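Notes to accompany the following structure.
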Amino acid sequence: MKCEFCGSELLRGEDGLVCSSCGAVFQDFFEDSRFTGGPIAKKGSEIIDYLASYFNTPRDIAEEAKQVATFTRRKLGMDKSPTSLEIAAFIYTCRRKGRLIPLNEIDKLARRERIRVSISTVALYIAKISSIFGRSREDLLIPYLNYVKIKIMEDDRIMGKMGKRGRYLVEVAEQLAYRNLVDSFEINRGRIAGKNPLLLAATAYYNAFKLLGANITQKEVASCVGIGKSAIAKGRRLVIGPVVMRREEI
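Using my numbering, the letters of the sequence shown map in sequence onto residues -15 to 234.
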(Lines of atoms letter the chains of each structure in order from A and count residues from 1; the text may use other names and numbers.)
(Lines give C-alpha, C1' and ligand atoms only; values in the text may rest on other atoms or scores of the structure.)
Protein backbone atom coordinates (compact mmCIF):
# COMPACT_ATOMS: atom_id res chain seq x y z
CA MET A 1 0.00 0.00 0.00
CA LYS A 2 1.23 3.50 -0.82
CA CYS A 3 1.52 6.64 1.31
CA GLU A 4 -1.10 9.20 0.31
CA PHE A 5 1.32 12.07 1.02
CA CYS A 6 4.46 11.02 -0.89
CA GLY A 7 3.59 7.78 -2.68
CA SER A 8 6.15 5.58 -0.88
CA GLU A 9 5.52 2.13 0.59
CA LEU A 10 3.81 1.81 3.99
CA LEU A 11 5.34 -0.43 6.66
CA ARG A 12 3.70 -1.90 9.75
CA GLY A 13 4.91 -0.20 12.94
CA GLU A 14 3.97 -0.12 16.61
CA ASP A 15 1.60 2.83 16.14
CA GLY A 16 0.05 1.60 12.87
CA LEU A 17 1.27 1.91 9.30
CA VAL A 18 4.33 4.13 8.80
CA CYS A 19 5.54 5.63 5.52
CA SER A 20 9.01 4.33 4.64
CA SER A 21 9.97 7.70 3.15
CA CYS A 22 8.31 10.70 4.84
CA GLY A 23 7.53 8.97 8.15
CA ALA A 24 3.80 9.75 8.18
CA VAL A 25 1.92 7.51 10.62
CA PHE A 26 -1.46 6.12 9.58
CA GLN A 27 -3.89 4.70 12.10
CA ASP A 28 -5.69 1.43 11.44
CA PHE A 29 -8.71 1.34 9.16
CA PHE A 30 -11.22 0.40 11.81
CA GLU A 31 -10.68 3.41 14.04
CA ASP A 32 -14.15 4.91 14.34
CA SER A 33 -13.36 8.63 14.17
CA ARG A 34 -16.41 10.75 14.93
CA PHE A 35 -17.74 14.26 14.58
CA THR A 36 -17.97 15.92 17.99
CA GLY A 37 -19.37 19.37 17.27
CA GLY A 38 -20.17 22.09 14.81
CA PRO A 39 -22.76 22.11 12.02
CA ILE A 40 -21.53 18.88 10.44
CA ALA A 41 -22.05 16.63 13.45
CA LYS A 42 -24.07 14.37 11.18
CA LYS A 43 -24.22 10.72 10.28
CA GLY A 44 -23.85 8.66 7.12
CA SER A 45 -24.59 10.30 3.79
CA GLU A 46 -25.37 13.66 5.49
CA ILE A 47 -21.62 14.10 5.93
CA ILE A 48 -21.07 13.78 2.18
CA ASP A 49 -23.99 16.13 1.47
CA TYR A 50 -22.44 18.76 3.73
CA LEU A 51 -19.00 18.40 2.14
CA ALA A 52 -20.56 18.68 -1.33
CA SER A 53 -22.28 21.89 -0.25
CA TYR A 54 -19.18 23.27 1.49
CA PHE A 55 -16.89 22.64 -1.49
CA ASN A 56 -19.63 23.52 -4.00
CA THR A 57 -19.39 20.32 -6.04
CA PRO A 58 -22.03 19.01 -8.48
CA ARG A 59 -24.79 16.84 -7.08
CA ASP A 60 -23.70 13.77 -9.06
CA ILE A 61 -20.39 13.74 -7.19
CA ALA A 62 -22.18 13.49 -3.84
CA GLU A 63 -24.40 10.66 -5.05
CA GLU A 64 -21.49 8.71 -6.47
CA ALA A 65 -19.45 9.27 -3.29
CA LYS A 66 -22.26 7.73 -1.24
CA GLN A 67 -22.20 4.65 -3.46
CA VAL A 68 -18.41 4.41 -3.12
CA ALA A 69 -18.65 4.66 0.68
CA THR A 70 -21.39 2.01 0.88
CA PHE A 71 -19.58 -0.43 -1.39
CA THR A 72 -16.28 0.03 0.47
CA ARG A 73 -17.96 -0.44 3.85
CA ARG A 74 -19.45 -3.74 2.69
CA LYS A 75 -16.17 -4.81 1.10
CA LEU A 76 -14.38 -4.23 4.40
CA GLY A 77 -17.10 -6.03 6.35
CA MET A 78 -18.09 -3.00 8.41
CA ASP A 79 -21.56 -2.51 9.91
CA LYS A 80 -21.47 1.25 9.37
CA SER A 81 -19.17 3.75 7.77
CA PRO A 82 -16.92 5.79 10.08
CA THR A 83 -16.64 9.49 9.37
CA SER A 84 -13.13 9.10 7.93
CA LEU A 85 -14.42 6.63 5.32
CA GLU A 86 -17.26 8.98 4.26
CA ILE A 87 -14.79 11.84 3.84
CA ALA A 88 -12.35 9.61 1.94
CA ALA A 89 -15.11 8.47 -0.44
CA PHE A 90 -15.99 12.09 -1.17
CA ILE A 91 -12.35 13.07 -1.84
CA TYR A 92 -11.76 10.00 -4.01
CA THR A 93 -14.88 10.65 -6.11
CA CYS A 94 -13.94 14.31 -6.56
CA ARG A 95 -10.54 13.27 -7.87
CA ARG A 96 -12.04 10.89 -10.40
CA LYS A 97 -14.27 13.73 -11.61
CA GLY A 98 -11.32 16.11 -12.03
CA ARG A 99 -11.76 18.09 -8.80
CA LEU A 100 -8.90 17.99 -6.30
CA ILE A 101 -9.82 18.41 -2.62
CA PRO A 102 -6.49 18.70 -0.75
CA LEU A 103 -6.25 16.93 2.60
CA ASN A 104 -5.08 20.15 4.22
CA GLU A 105 -8.47 21.70 3.33
CA ILE A 106 -10.21 18.88 5.19
CA ASP A 107 -7.85 19.45 8.10
CA LYS A 108 -8.72 23.17 8.18
CA LEU A 109 -12.44 22.37 8.13
CA ALA A 110 -12.02 19.80 10.91
CA ARG A 111 -10.22 22.31 13.13
CA ARG A 112 -12.69 25.11 12.48
CA GLU A 113 -15.78 22.96 13.08
CA ARG A 114 -14.26 21.07 16.02
CA ILE A 115 -14.29 17.70 14.25
CA ARG A 116 -12.33 14.90 15.86
CA VAL A 117 -11.17 13.05 12.77
CA SER A 118 -7.74 11.71 11.85
CA ILE A 119 -6.51 13.08 8.52
CA SER A 120 -4.01 10.23 8.31
CA THR A 121 -6.89 7.76 8.61
CA VAL A 122 -8.75 9.60 5.84
CA ALA A 123 -5.63 9.29 3.68
CA LEU A 124 -5.38 5.59 4.43
CA TYR A 125 -9.03 5.05 3.50
CA ILE A 126 -8.42 6.89 0.20
CA ALA A 127 -5.61 4.44 -0.52
CA LYS A 128 -7.87 1.51 0.36
CA ILE A 129 -10.72 2.80 -1.83
CA SER A 130 -8.24 3.26 -4.67
CA SER A 131 -7.10 -0.35 -4.31
CA ILE A 132 -10.73 -1.51 -4.55
CA PHE A 133 -11.96 0.69 -7.39
CA GLY A 134 -8.66 1.29 -9.15
CA ARG A 135 -6.43 4.32 -8.94
CA SER A 136 -6.20 6.51 -12.02
CA ARG A 137 -2.79 7.45 -13.32
CA GLU A 138 -3.36 11.13 -12.65
CA ASP A 139 -4.08 10.27 -8.98
CA LEU A 140 -0.59 8.77 -8.77
CA LEU A 141 0.77 12.23 -9.61
CA ILE A 142 -0.81 13.89 -6.56
CA PRO A 143 2.34 13.44 -4.40
CA TYR A 144 4.32 15.19 -7.16
CA LEU A 145 1.78 18.01 -7.37
CA ASN A 146 2.13 18.41 -3.60
CA TYR A 147 5.93 18.52 -3.94
CA VAL A 148 5.79 21.17 -6.68
CA LYS A 149 3.35 23.24 -4.60
CA ILE A 150 5.64 23.16 -1.56
CA LYS A 151 8.70 24.10 -3.61
CA ILE A 152 6.88 27.01 -5.27
CA MET A 153 5.69 28.36 -1.91
CA GLU A 154 9.24 28.09 -0.56
CA ASP A 155 10.64 30.07 -3.50
CA ASP A 156 10.80 33.72 -2.40
CA ARG A 157 11.34 34.98 -5.94
CA ILE A 158 8.22 33.32 -7.36
CA MET A 159 6.04 34.22 -4.38
CA GLY A 160 7.37 37.77 -4.44
CA LYS A 161 6.41 38.22 -8.10
CA MET A 162 2.84 37.20 -7.30
CA GLY A 163 2.55 39.67 -4.43
CA LYS A 164 -0.08 39.54 -1.70
CA ARG A 165 -2.29 37.17 -3.70
CA GLY A 166 0.54 34.65 -4.00
CA ARG A 167 -0.82 32.00 -1.64
CA TYR A 168 -4.29 32.30 -3.13
CA LEU A 169 -2.95 31.92 -6.67
CA VAL A 170 -0.98 28.81 -5.68
CA GLU A 171 -4.11 27.25 -4.15
CA VAL A 172 -6.13 27.96 -7.31
CA ALA A 173 -3.24 26.73 -9.48
CA GLU A 174 -3.33 23.42 -7.59
CA GLN A 175 -6.92 22.83 -8.75
CA LEU A 176 -6.14 23.86 -12.32
CA ALA A 177 -2.96 21.76 -12.46
CA TYR A 178 -4.81 18.63 -11.39
CA ARG A 179 -7.60 19.25 -13.91
CA ASN A 180 -4.91 19.88 -16.54
CA LEU A 181 -3.41 16.45 -15.86
CA VAL A 182 -6.79 14.73 -15.96
CA ASP A 183 -7.52 16.22 -19.40
CA SER A 184 -3.98 15.49 -20.62
CA PHE A 185 -4.19 11.81 -19.68
CA GLU A 186 -7.50 11.59 -21.52
CA ILE A 187 -6.16 13.18 -24.71
CA ASN A 188 -2.54 11.94 -24.74
CA ARG A 189 -2.91 8.69 -22.80
CA GLY A 190 -0.57 6.76 -25.11
CA ARG A 191 2.23 9.33 -25.27
CA ILE A 192 2.16 10.48 -21.65
CA ALA A 193 2.49 7.06 -19.96
CA GLY A 194 5.85 6.42 -18.35
CA LYS A 195 7.05 10.03 -18.55
CA ASN A 196 8.81 11.80 -15.66
CA PRO A 197 5.98 12.47 -13.15
CA LEU A 198 7.77 15.49 -11.63
CA LEU A 199 8.07 17.04 -15.09
CA LEU A 200 4.35 16.46 -15.76
CA ALA A 201 3.36 18.01 -12.43
CA ALA A 202 5.63 21.03 -12.89
CA THR A 203 4.33 21.57 -16.44
CA ALA A 204 0.73 21.42 -15.24
CA TYR A 205 1.50 24.06 -12.60
CA TYR A 206 3.15 26.30 -15.19
CA ASN A 207 0.08 25.95 -17.42
CA ALA A 208 -2.12 26.89 -14.46
CA PHE A 209 -0.07 30.00 -13.67
CA LYS A 210 -0.21 31.00 -17.33
CA LEU A 211 -4.01 30.73 -17.29
CA LEU A 212 -4.18 32.81 -14.10
CA GLY A 213 -2.06 35.52 -15.68
CA ALA A 214 0.82 35.16 -13.19
CA ASN A 215 4.12 36.41 -14.58
CA ILE A 216 6.00 33.16 -13.83
CA THR A 217 8.41 31.73 -16.41
CA GLN A 218 9.07 28.13 -17.37
CA LYS A 219 12.66 28.54 -16.19
CA GLU A 220 11.56 29.70 -12.72
CA VAL A 221 9.19 26.76 -12.19
CA ALA A 222 11.75 24.26 -13.49
CA SER A 223 14.50 25.72 -11.31
CA CYS A 224 12.52 25.62 -8.07
CA VAL A 225 11.71 21.91 -8.46
CA GLY A 226 15.17 20.91 -9.69
CA ILE A 227 14.57 19.90 -13.31
CA GLY A 228 16.23 21.13 -16.49
CA LYS A 229 15.62 24.73 -17.52
CA SER A 230 14.12 23.69 -20.86
CA ALA A 231 12.26 20.65 -19.49
CA ILE A 232 8.86 22.32 -19.25
CA ALA A 233 8.98 23.30 -22.92
CA LYS A 234 9.26 19.57 -23.68
CA GLY A 235 6.60 18.74 -21.09
CA ARG A 236 4.10 21.00 -22.81
CA ARG A 237 4.16 18.65 -25.79
CA LEU A 238 2.46 16.10 -23.52
CA VAL A 239 0.55 18.18 -20.96
CA ILE A 240 -2.03 20.10 -22.96
CA GLY A 241 -2.46 23.85 -22.69
CA PRO A 242 -4.32 25.49 -19.78
CA VAL A 243 -7.89 24.39 -19.19
CA VAL A 244 -10.72 26.76 -18.37
CA MET A 245 -12.79 26.09 -15.26
CA ARG A 246 -15.98 27.77 -14.18
CA ARG A 247 -15.38 30.19 -11.33
CA GLU A 248 -17.63 28.22 -8.96
CA GLU A 249 -15.45 25.12 -9.51
CA ILE A 250 -12.29 26.87 -8.30
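Beta carbons are placed, not taken as given, at the ideal position from N, Cα and C, and that holds for glycine.
Since this is a predicted model, take the numbers as computed values, not measurements.
| query | result |
| --- | --- |
| Stretch-stretch touch, CB-based, cutoff 8 angstroms, three pairs: the region 134 to 142 with the region 78 to 87 | no |
| Beta-carbon proximity check, Ala161 vs Ala192, cutoff 9 angstroms | yes |
| Beta-carbon proximity of Glu70 to Ile45, cut-off 9 angstroms | no |
| Ile126 and Cys208 closer than 9 angstroms at C-beta | no |
| Contact check, Val106 vs Ser168, beta carbons under 9 angstroms | no |
| Reference Val156, options Phe55, Gly197 and Gly144, closest by Cα | Gly197 |
| Contacting residues, own chain, Cβ-Cβ under 8 angstroms from Leu183 (five flanking each side not counted) | Ile211, Ala215, Ile216, Lys218 and Gly219 |
| When Pro181, Val166, Glu158 and Asn172 are compared against Tyr189, the one with the closest alpha-carbon | Glu158 |
| Backbone CA spacing between Phe117 and Asp33 [nearest angstrom] | 21 angstroms |
| Straight-line Cα distance separating Tyr76 from Ile110 | 6 angstroms |
| Unbroken alpha helix (DSSP H) run spanning Gly144, endpoints | Asp140 to Met146 |
| For Ser104, three-class secondary structure by DSSP | helix |
| DSSP-derived helix/strand/coil call for Ala157 | helix |
| Cβ-Cβ distance between Val132 and Ala185 below 9 angstroms | yes |
| Alpha carbon of Gly150 to alpha carbon of Glu204, nearest angstrom | 15 angstroms |
| Asn130, DSSP secondary structure in three states | helix |
| C-alpha gap between Pro66 and Ile103, whole angstroms | 13 angstroms |
| Residue nearest to Lys213 in terms of C-alpha spacing, selected from Ile224, Val223 and Thr201 | Thr201 |
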